[in-house]
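To start, the structure under review is shown below, and the notes come after it.
Protein chains in written order, with this note's numbering: chain A, 1 to 417; chain B, 418 to 921.
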């Protein structure tokens, strides 16, 4: 009997060992607003325009990145933030570009993305750009079947941007007067290459620091009620909005500042929040809305600013550059081994004599990332290290690009991994 | 690429995209330790590489000359590690070049001429194959103050020339010159200064001069200069100046004097017509030129009994345009015995038309105050020449180029019937409503004009006709004329007949 027990224990231990090496789906951070979206689609209550006809167009992503340790980096915990900040006037500098008008339902998220990029590049003295919302809206290819009027989100934008399909200049693909049948007219030369895409969830302090560091940030909100009068959640008199319901998100906008002491009156339905403080929002309903296109959302709004996305890094366009990738979009899923570490190995074949200059990868959690490039794989053994990036801290989930300290010359048809 | 993801306190989800196109099997793996790998062929792992075209760091580019002295330079370039590099350098203006091979940048090229422009480029040998040379890059060697590198020739006469150079301080300078036209033996001259005048040259022969500098007590191997010059005879014209230009006159003068004779060639650029003049003087006055016309003039000198093969360089000048000058002489209204002359230009003192019967040689000069001019009494069926000139400001212009014409042949209608014969000249019907036929008979071929006049003498219609021997019929359309009486005339160039017609 005793002997039998030992055998069972041994088998159990063996099973654990095997199980530990078996990849399994990791739990993802499901987005509750996506469930609400599906529910409303099913019962016919999904709104692509506001109650008084304002165009919306945000589709919540199915999942949000895990953001458990957003403040892992010490710098994230020692910030001193001002009580007010307005990208329209930072020590006399206006880091915003013109307010757009999406005109039809659907592209709000593209206007919010472009507003974020344009303010970021202007703030970083890269230049004042007028980027094409139409090209992003019609060419993102995130979900087959989405029309321009259905909408989108920052994940669709990140896929389009980080695979270097855009952003292109407005002049290359002007917005014009699109309708729901408008489709991608073709990719155009990117104005720059976007090399970073980050998402922060439920962390106002981190939002603020990112705005100060990088410019406007994309976010989602739920727009309900009227916009022309104060019968709903918006008060046109002071351009403040406060929603206290739980209907979910339906509109993409850009946060371009804040005021911790802002008094939000809100509309008749929602009333005023319990405290002061609001985000300064750049909308895409033209300059006739709000304060020249801008308005305020209370910190206490139950749907707004659940997460923000922004694209903090970019590099110059190079007509001869090539991006090796197998994934076309940001990761929509993940697998792992039930522990804190995961390894990935990807093989590419050089299509020409080239220099490998940068390496990029997505991560769905905050943590650390180390990258190595090898020349040879024999069975499980990697050898002939060509280059490496030492362990880097990833403060937020998203897309990171690292320069190789010394570019790796690689011959055409050469395999590297 | 191998990516290690690490987090703290949570399991780590290796990111992948579910909706990208399926990856190529065998190109992706995941693992928990980095020491063993499981194929991940169904989803696209999110790892990327950014690549730009490779730069060839072996092939030499951008050659640069540095540490330049009067005789050497260090040549460097970007690119390293190739099998070999070849530096090619040549003198500016030379096709021939020298090379120097090296295994790495930089390399020094020496034995250069000082104060000289060189062009340098580099080729790279990789895998036993030499690549293309880079673009040539110029550099200049420095100048040693005592070494002559530039030679100048001036004060050239028929038999002497001054040779100077850009140096001072050498013990001696050796100057070599040679008549290369005849291939004569070289001659030497020496100086410790900066110039020397050489003599006993042969005029109009091409000489070449070059030199070297003895700075240290021995003669170096480098020669500089190689300048060519031609001793000029001071009787030889080299430059012609045209002055005192009017519409019809000008003076050409030149810088040579004392030759046996000077041949001056004046050429009308437009027509190519040339006029040759000979004079012992150093100038020549031209008259009778055409106003507003471009001319060229060249001169050569007959010296010691022979003409040189070439002229001095041509000088171009334009005479002044003159509205009085006759031009574009033309002849019209030619009949058997008359012709009308017209021309452009007016206001001259006098215009003279010269026309000549080319059959008899009889020539007539008709002086007129202005034009046009109709000449009669010409002979029928006869070739004539005509030309025109004007008397302007006290002198005649040259005659224009002649024009040629021939009077009409045939006999006069009326003269043939002047004896009372009826040639049948009639207009029918009469009265006429619209169209009428003009009928007449002729004994010869000829040309005439049928005209219709009203009673006030105003001409309403004119019809040039070629008539033939026998009966002739021509149609007159009088439909546009008002009702009334008209006179139809028939003029054969000499005589005229009339016929009265009523237009209804």
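By construction, the Cβ of each residue, glycine as well, lies at the ideal position given by its N, Cα and C atoms.
Item, Value
"Give the residues of chain B in contact with residue 390/A, contact being defined as C-beta atoms less than 7 Å apart.", "In chain order: nothing, as chain B lies at least about 11 Å away."
"Between the alpha carbons of residue 631/B and residue 624/B, how many angstroms are there, rounded?", "23 Å"
"Measuring alpha carbon to alpha carbon, tell me which of 503/B, 535/B, 468/B ends up nearest residue 509/B.", "535/B"
"Using a cut-off of 9 Å between C-beta atoms, extract the partners of residue 447/B located in chain A.", "23, 335, 336, 337, 342, 343, 344, 345"
"Can you tell me where the beta strand (DSSP E) holding residue 908/B begins and where it ends?", "901–908"
"For residue 573/B and residue 606/B, I'd like the C-alpha separation in whole angstroms.", "17 Å"
"Check the Cβ-Cβ distances between residue 434/B and every residue of chain A, and say whether any is below 8 Å.", "yes"
"Could you give the residue range of the beta strand (DSSP E) that holds residue 311/A?", "Element bounds for residue 311/A: n/a, residue is neither H nor E."
"Step through the CB atoms of chain A and report whether any lies within less than 8 Å of the CB of residue 583/B.", "no"
"My assumption, with CB atoms under 8 Å, is that residue 569/B sits in contact with residue 628/B. Please give the rounded CB distance.", "The pair is not a contact, with the Cβ atoms about 11 Å apart (cut-off 8 Å)."
"Where residue 45/A and residue 151/A are concerned, what is the direct C-alpha to C-alpha distance, given to the nearest angstrom?", "16 Å"
"Got a sec, what are the start and stop residues for the beta strand (DSSP E) residue 96/A sits in?", "Run containing residue 96/A: none; DSSP gives neither H nor E here."
"So within the region 624–691 of chain B, which uninterrupted beta strand (DSSP E) runs reach at least 3 residues, ignoring any that extend past its ends?", "624–631, 641–646, 657–660, 667–671, 678–685"
"Can you check DSSP and say which residues form a bridge with residue 792/B?", "756/B"
"At least one CB of chain B closer than 8 Å to the CB of residue 370/A: is that the case?", "yes"
"Which chain A residues sit within Cβ distance under 7 Å of residue 454/B?", "345, 380"
"Alpha carbon to alpha carbon, how far is residue 298/A from residue 256/A? Give it in angstroms, no decimals.", "14 Å"
"By the 7 Å beta-carbon criterion, what residues does the region 183–197 of chain A contribute toward chain B?", "none"
"Between residue 99/A and the rest of its own chain, which residues show a CB-CB distance below 6 Å, the 5 nearest in sequence each way excluded?", "287, 293"
"Are residue 650/B and residue 621/B close, meaning C-beta to C-beta below 8 Å?", "yes"
"Expressed to the nearest angstrom, what Euclidean distance is found between the alpha-carbon atoms of residue 671/B and residue 633/B?", "49 Å"
"Mind reading off the beta-carbon distance from residue 175/A to residue 133/A? Whole number of angstroms is fine, and I expect it under 8 Å.", "6 Å"
"Secondary structure at residue 580/B, three-state DSSP: helix, strand or coil?", "strand"
"When DSSP labels each residue in this structure, what does residue 161/A get in the three-state scheme?", "helix"
"By DSSP's criteria, residue 58/A is part of a beta bridge. Which residues make up the other side?", "152/A"
"So, with DSSP's three-state summary, where would you put residue 399/A?", "strand"
"Can you tell me whether residue 417/A is helix, strand or coil according to DSSP?", "coil"
"Buried or exposed: which applies to residue 921/B, given that a residue is buried once 16 or more other Cβ atoms fall within 10 Å of its Cβ?", "exposed"
"Tell me the rounded alpha-carbon separation between residue 204/A and residue 339/A.", "29 Å"
"Compare the C-beta of residue 418/A against all C-beta atoms of chain B and say whether one is closer than 8 Å.", "Lying before the first or after the last residue shown, residue 418/A is absent from chain A, which here runs from 1 to 417."
"With a threshold of 8 Å between beta carbons, is residue 451/B in contact with chain A?", "yes"
"Given that residue 156/A touches chain B, what residues does it touch there, using C-beta distances under 8 Å?", "Going along chain B, no residue has its Cβ under 8 Å from residue 156/A, so there is no contact; the nearest lies around 11 Å."
"Pairing CB atoms from the region 239–247 of chain A with CB atoms from the region 316–327 of chain A, are three or more of them under 8 Å?", "no"
"Which residue's Cα is closest to the Cα of residue 886/B: 918/B, 857/B, 594/B, 814/B?", "857/B"
"Please state the DSSP three-state secondary structure of residue 192/A.", "strand"
"How many whole angstroms separate the CB atoms of residue 389/A and residue 374/A, which I take to be in contact at a CB cut-off of 8 Å?", "At roughly 13 Å, the Cβ-Cβ gap does not stay under 8 Å, so residue 389/A and residue 374/A are not in contact."
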